[in-house]
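Each residue of the sequence shown is one higher than the last, beginning at 205 in my numbering. Even glycine gets a Cβ: it sits at the ideal position worked out from N, Cα and C. Some notes on the structure that comes next.
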Amino acid sequence: MAAKETAVEKVEVEARGGGRSASYPSINLETAVNRAKQFWDGESKYEAPLTSAFQHWGYGPKSSGARLTVAAMLNFGLMTDRGANASRLVKLTPLGVDLMMAPNADFRVQKLKETVQKPKVFADLLRQFDPKNLPSNQTIAHYLVTVKGFNPSGAEACIKSFRESIRYAQLVSSDILPSTESAAGSEVAVEANPPNVRIGSLIQWESGGVVQFQQPRRVVGFSDDGKFAFVEGEGSGVPIGEVTVMEAKPAVPVAPTPAAAIQQPVQPTRGFKQDVYNFADGGSVILQWPEGMSKESFEEFQDWIELQLRKIKRASGL
């Protein structure tokens, strides 16, 4: 068992860029299903060496794309593996076989809806956001970076894979499972937040029979265990069990307009610092960073800032 966990961990670290961002499928669901079909055509339901899977997918044995693909297949629950290094074997899971042998279109769509909720980060995002009414990429990225520990580039790639995957699965709110098993099969996602409490919901907090907010507050995130909601203007979490939803969906987009951002910037999550620079001609830049940062993380952050400056300069035609 330890050997399997080491192999999975190795792939997932590479999939998230040296371990500096949380794990997510680097390919979308449609591509993952196509990869499952290629493996099925070559190996059927049988176990095969990992290098054989790479050949079916058109990859060399040392290709980084091959390692990212198998990590995504594990994340989606389409494949399972055992062993390590040259002895590592993979095969399709029962879910993967069901997709390959679907008797009709309805059965296949049902299995796709199940598969798209297998990656832990996707299941978490689906507990926060309505799949048919997603907020902007900026709002989702803010949640991934400040609450889930993603780096900005990882968040951008994750959002792209997430949007493409739920579109392919034709997912709607009624399809969301109350809990979903992770790709590694070793843990179950935490209990879902009440379905009507999402990022952007307007809530009131009542504790001990006393209303705590003078005015209802917007939800901006949740704790990892799903037991606390973070709201605008509050540094600490609010117990989910003491929350009343005043408005399930925001009347306006959660992401503020430039003018609104100057008046009421999003509050940083605990453990993060924030600075806001307001431009004289309108608009603002909001920067958040962890209170404790290693030398390696700072150097990586510095490189990323310099990259963003070059991109902004090009985009602005300067």
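- By a beta-carbon distance limit of 8 Å, residue 423 contacts residue 435. Their separation comes to about 6 Å.
- Partner residues in the beta bridge of residue 295, as assigned by DSSP, are 284.
- Counting C-beta pairs closer than 8 Å gives three or more between the region 356-369 and the region 323-331, which meets the contact rule.
- Here DSSP, grouped into helix, strand and coil, assigns residue 479 to strand.
- A straight-line Cα-Cα distance of about 18 Å links residue 447 and residue 333.
- Partner residues in a beta bridge of residue 261, as assigned by DSSP, do not exist.
- Within a 10 Å sphere around the beta-carbon of residue 245 sit fewer than 16 other beta-carbons, which makes this residue exposed.
- A Cβ-Cβ separation of about 6 Å places residue 443 in contact with residue 432 under the 8 Å criterion.
- The Cβ atoms of residue 375 and residue 339 lie no closer than 9 Å to each other.
- Per DSSP, the unbroken beta strand (DSSP E) holding residue 424 starts and ends at 421-426.
- Remark: C-beta atoms of residue 316 and residue 285 do not approach each other more closely than 9 Å.
- The beta-carbon separation of residue 233 and residue 373, rounded to 6 Å, stays under the 8 Å limit for a contact.
- Here residue 229 is not near residue 288, since their CB atoms are 9 Å or more apart.
- DSSP places residue 434 inside the beta strand (DSSP E), whose first and last residues are 432-435.
- In the three-state reduction of the DSSP assignment, residue 356 falls in the helix class.
- Residue nearest to residue 505 within the set 312, 291, 309, 356 is 356 (criterion: CA-CA distance).
- Listed in chain order, the non-local C-beta contacts of residue 297 below 7 Å within the same chain comprise 281, 282, 283, 284, local neighbours out to five positions each way being set aside.
- Under the DSSP assignment, residue 325 falls in the alpha helix (DSSP H) whose first and last residues are 324-332.
- Across the structure, residue 312 and residue 491 are spaced so that their CA atoms are roughly 44 Å apart.
- A direct Cα-to-Cα measurement between residue 508 and residue 498 gives close to 15 Å.
- Judged by their CB atoms, residue 347 and residue 330 are not nearer to each other than the 9 Å cut-off.
- In the three-state reduction of the DSSP assignment, residue 251 falls in the coil class, being assigned neither a helical nor a strand state.
- Remark: C-beta atoms of residue 301 and residue 252 do not approach each other more closely than 9 Å.
- Just measuring C-alpha positions, the residue of 405, 227, 264 sitting nearest residue 359 is 227.
- In the three-state reduction of the DSSP assignment, residue 449 falls in the strand class, which pools E and B.
- Around the C-beta of residue 405, 16 or more other C-beta atoms lie within 10 Å, and the residue is accordingly described as buried.
- Between the alpha carbons of residue 263 and residue 290 lies a distance of about 16 Å.
- In the structure shown, residue 401 falls within a coil segment according to DSSP collapsed to helix, strand and coil.
- A direct Cα-to-Cα measurement between residue 231 and residue 273 gives close to 7 Å.
- Around the CB of residue 337, fewer than 16 other CB atoms lie within 10 Å, so the residue is classed as exposed.
- Nearest to residue 236 by C-alpha distance, out of 345, 418, 279, is 279.
- Counting along the chain, the unbroken alpha helix (DSSP H) around residue 310 starts and ends at 309-319.
- The DSSP-derived three-state label of residue 242 is helix.
- Per DSSP, residue 347 is one residue of the alpha helix (DSSP H) stretching across 341-350.
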